[in-house]
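Colleague: Sharing a structure with you now.
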Amino acid sequence: MSTTANLNSTARSPNMVGRLCARLRHATSGRRFRPSLAGAVVALVVAGGCIALGNWQYAKFERKEAAQAQLDRRAADAPIALGGAPVSAETLRARPVVARGHFEAGRQFLVDNRIHREQAGYHVVTPLRIAGSEMRVLVNRGWVPALARHSDVPAVATPAGTVELHGVAVVPGSRFFTLGNEADSGWQPVWQNLDLARFSRLAGYPVQPVVLQLAADAPAGFVRDWPRPDDRKERHLSYALQWYGFAASAVLIWLALAWRRPA
Numbered sequence: 174m175s176t177t178a179n180l181n182s183t184a185r186s187p188n189m190v191g192r193l194c195a196r197l198r199h200a201t202s203g204r205r206f207r208p209s210l211a212g213a214v215v216a217l218v219v220a221g222g223c224i225a226l227g228n229w230q231y232a233k234f235e236r237k238e239a240a241q242a243q244l245d246r247r248a249a250d251a252p253i254a255l256g257g258a259p260v261s262a263e264t265l266r267a268r269p270v271v272a273r274g275h276f277e278a279g280r281q282f283l284v285d286n287r288i289h290r291e292q293a294g295y296h297v298v299t300p301l302r303i304a305g306s307e308m309r310v311l312v313n314r315g316w317v318p319a320l321a322r323h324s325d326v327p328a329v330a331t332p333a334g335t336v337e338l339h340g341v342a343v344v345p346g347s348r349f350f351t352l353g354n355e356a357d358s359g360w361q362p363v364w365q366n367l368d369l370a371r372f373s374r375l376a377g378y379p380v381q382p383v384v385l386q387l388a389a390d391a392p393a394g395f396v397r398d399w400p401r402p403d404d405r406k407e408r409h410l411s412y413a414l415q416w417y418g419f420a421a422s423a424v425l426i427w428l429a430l431a432w433r434r435p436a
C-alpha cells in the first residue's frame with residue numbers, strides 16, 4: 174500500500190494520536206534530523222525570554238489574587254484607630270482604620286490621570302492632622318472630574334473643624350512612571366503619583382506610612398468607586414499563556430526547520 178494510502182487510512186482512525194503520528198511521518202519522509210547549533214541558540218534565547226515574560230505576567234496575576242484575598246480576609250476586622258504614634262505599614266495594609274482630626278488644606282494635592290467611567294479626573298489627597306498630636310495621615314478622598322481645559326485645576330471644598338473618618342489603610346507604591354521630573358521643592362497642586370516619600374520630604378512633619386482610602390459612607394469625600402485589587406487579573410493570566418505559547422512555538426519552529434532533505 175502506498176504512503177498516501179496509509180496516511181488516508183490512518184486519518185480515518187478515531188485515534189487522534191495515531192493521526193498526528195501519521196502526519197508527522199509523512200512530513201518527515203525522506204528527511205533527516207540535522208539541527209543547526211546557531212538555530213538552537215536562537216530558539217533557546219527566544220524561548221527563554223518568552224518564558225521570563227510569561228513568569229512576570231503570572232507573578233502579577235498571583236499578586237493581584239493575593240491582595241484581593243488579604244483585603245477580603247481583613248474587611249471584617251474591627252477598625253484600628255490611627256493615633257500619634259507611627260504604625261507599621263505592613264501590619265495595617267488592607268485593614269479598616271479610623272482617624273480623628275482636622276484637614277490641612279494648604280498641603281492638599283490632586284493626583285492626575287485618574288479615570289472614572291472613561292472620564293479623566295483626579296484623586297483628591299488631603300493630609301489630616303490627627304487629634305492631639307503632630308502626626309498626619311494622608312486621606313484619599315476620592316475622584317473629581319477634570320475641567321474642560323486640563324491646565325485649569327478644579328476647586329475642591331475641604332471641611333474645616335474636627336472630622337472623624339473611616340476607610341481602608343492602603344500602602345502606596347514607591348516606584349512610579351513620571352513624565353519628566355517632578356519638583357522636590359515648593360508646593361505643586363497637581364502630582365502625577367501619590368508619592369508618600371516625596372510628600373514627607375516636602376511637608377517636613379511626621380506622616381503615617383499608610384494612606385486612608387476613604388470609605389464610601391464616610392464624610393468629606395467625593396466619588397469613591399475604588400477598584401478591586403484583583404481588577405483585570407485575567408488579563409495578566411492571558412498574557413502569561415500567550416508568552417508561554419510563543420516560547421513553545423519558537424522551539425517547534427526550530428525542530429521543524431531541523432528536518433532537512435539530504436544534500
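Those letters in the sequence shown? Residues 174 to 436, by our numbering.
The C-beta atom is built at its ideal place from N, Cα and C for all residues, glycine as well.
Does the beta carbon of Arg-247 come closer than 9 Å to any beta carbon on chain B?
Modeller: Among the chains of the structure shown, chain B does not appear; only one protein chain is present.
Colleague: When you compare the stretch 253 to 267 with the stretch 321 to 335, are there three or more beta-carbon pairs, one atom per stretch, that lie closer than 8 Å?
Modeller: Three or more beta-carbon pairs separated by less than 8 Å are not found between the stretch 253 to 267 and the stretch 321 to 335, which leaves the two stretches without contact.
Colleague: Have a look at Leu-301 and Ser-411 and give me their C-alpha separation to the nearest angstrom.
Modeller: Reading the sequence shown from its first residue, position 128 is the one you call residue 301. Reading the sequence shown from its first residue, position 238 is the one you call residue 411. Taking the straight line joining both Cα atoms gives about 41 Å.
Colleague: Excluding the five sequence neighbours on either side, which residues of its own chain have a C-beta within less than 6 Å of the C-beta of Leu-265, listed in chain order?
Modeller: The residue you call residue 265 lines up with position 92 of the sequence shown. Only Ala-342, Val-383 meet the Cβ criterion.
Colleague: Could you give the first and the last residue of the continuous alpha helix (DSSP H) run that contains Ala-216?
Modeller: As a first step, residue 216 is located in the sequence shown; it is residue number 43 there, counting from the start. Run containing Ala-216: 210 to 247, per the alpha helix (DSSP H) assignment.
Colleague: Which residue from Gly-377, Ala-272, Phe-372 puts its Cα closest to that of Gly-305?
Modeller: Numbered from its first residue, the sequence shown carries residue 305 at position 132. Check the Cα spacing between Gly-305 and each of Gly-377, Ala-272, Phe-372: the tightest is with Ala-272.
Colleague: Quick check: Ala-463 and Gly-227, are their CB atoms within less than 9 Å of each other?
Modeller: Nothing in the structure corresponds to residue 463, since the chain is present only between 174 and 436.
Colleague: List the endpoints of the continuous beta strand (DSSP E) containing His-323.
Modeller: In the sequence shown, counting from the first residue as 1, residue 323 sits at position 150. Element bounds for His-323: n/a, residue is neither H nor E.
Colleague: What runs of the alpha helix (DSSP H), each 4 residues or longer, lie entirely inside the stretch 367 to 425?
Modeller: 369 to 376
Colleague: Pick helix, strand or coil for Arg-192, following the three-state DSSP scheme.
Modeller: What you label residue 192 is simply residue 19 of the sequence shown in a count that begins at 1. It is helical.
Colleague: Quick one: what's Arg-302 bridged to in DSSP?
Modeller: Along the sequence shown, one-based indexing puts residue 302 at 129. Answer is His-275, Arg-309.
Colleague: Which residues in the same chain have their Cβ closer than 6 Å to the Cβ of Cys-223, if we skip the five residues on either side of it in sequence?
Modeller: In the sequence shown, residue 223 corresponds to position 50, counting from 1. Cβ neighbours of Cys-223 beyond the five flanking positions: Trp-416, Phe-419, Ala-420.
Colleague: Rounded to whole angstroms, what's the CA-CA distance from Val-270 to Leu-385? Just pull it up for me.
Modeller: Translated into positions along the sequence shown, residue 270 becomes position 97. Translated into positions along the sequence shown, residue 385 becomes position 212. Spanning the two alpha carbons is a distance of roughly 7 Å.
Colleague: Ordered along the chain, which non-local residues of its own chain (more than five positions away) have a Cβ less than 8 Å from that of Glu-307?
Modeller: Residue numbering aside, residue 307 sits at position 134 when the sequence shown is read from its first letter. Excluding sequence neighbours, Glu-307 sits near Gly-257, Tyr-378, Pro-379.
Colleague: Taking contact to mean at least 3 C-beta pairs separated by less than 8 Å, is the stretch 394 to 405 in contact with the stretch 206 to 216?
Modeller: no
Colleague: Use the C-beta contact count for Leu-283: other C-beta atoms within 10 angstroms, 16 or more gives buried, fewer gives exposed.
Modeller: For the purposes of this step, residue 283 is taken as residue 110 along the sequence shown, with counting starting at 1. The residue is buried, with at least 16 neighbouring Cβ atoms inside 10 Å.
Colleague: Could you tell me the boundaries of the alpha helix (DSSP H) in which Thr-335 lies?
Modeller: Here residue 335 refers to the residue found at position 162 when the sequence shown is read from its first residue. Counting along the chain, Thr-335 falls outside any alpha helix (DSSP H), though it belongs to the beta strand (DSSP E) covering 335 to 343.
Colleague: Hey, would you say Asp-390 sits closer than 9 Å to Ala-240, going by beta carbons?
Modeller: One-based indexing of the sequence shown puts residue 390 at position 217. One-based indexing of the sequence shown puts residue 240 at position 67. No, they are not a contact pair.
Colleague: Looking at Phe-372 and Arg-280, is the spacing between their C-beta atoms short of 9 Å?
Modeller: Along the sequence shown, read from residue 1 onward, the residue named residue 280 stands at position 107. Along the sequence shown, read from residue 1 onward, the residue named residue 372 stands at position 199. Cβ atoms of Arg-280 and Phe-372: closer than 9 Å.
Colleague: With a 10 Å radius around its C-beta and 16 neighbouring C-beta atoms as the bar for buried, classify Arg-408 as buried or exposed.
Modeller: Mapped onto the sequence shown, residue 408 falls at position 235. Result: exposed.
Colleague: Give me the residue from Val-297, His-296, Leu-311 with the minimum Cα distance to Ile-303.
Modeller: Counting from one through the sequence shown, the residue named residue 303 turns up at place 130. Per the Cα distances, Leu-311.
Colleague: Using only CA atoms, which one of Glu-238, Asn-188, Pro-362, Gln-243 lies nearest to Asp-285?
Modeller: One-based indexing of the sequence shown puts residue 285 at position 112. Considering only alpha carbons, the answer is Pro-362.
Colleague: Under 9 Å, do Leu-338 and Ala-267 count as touching if we go by C-beta distance?
Modeller: For the purposes of this step, residue 338 is identified with residue 165 of the sequence shown, where counting begins at 1. For the purposes of this step, residue 267 is identified with residue 94 of the sequence shown, where counting begins at 1. For Leu-338 and Ala-267, no; Cβs fall outside 9 Å.
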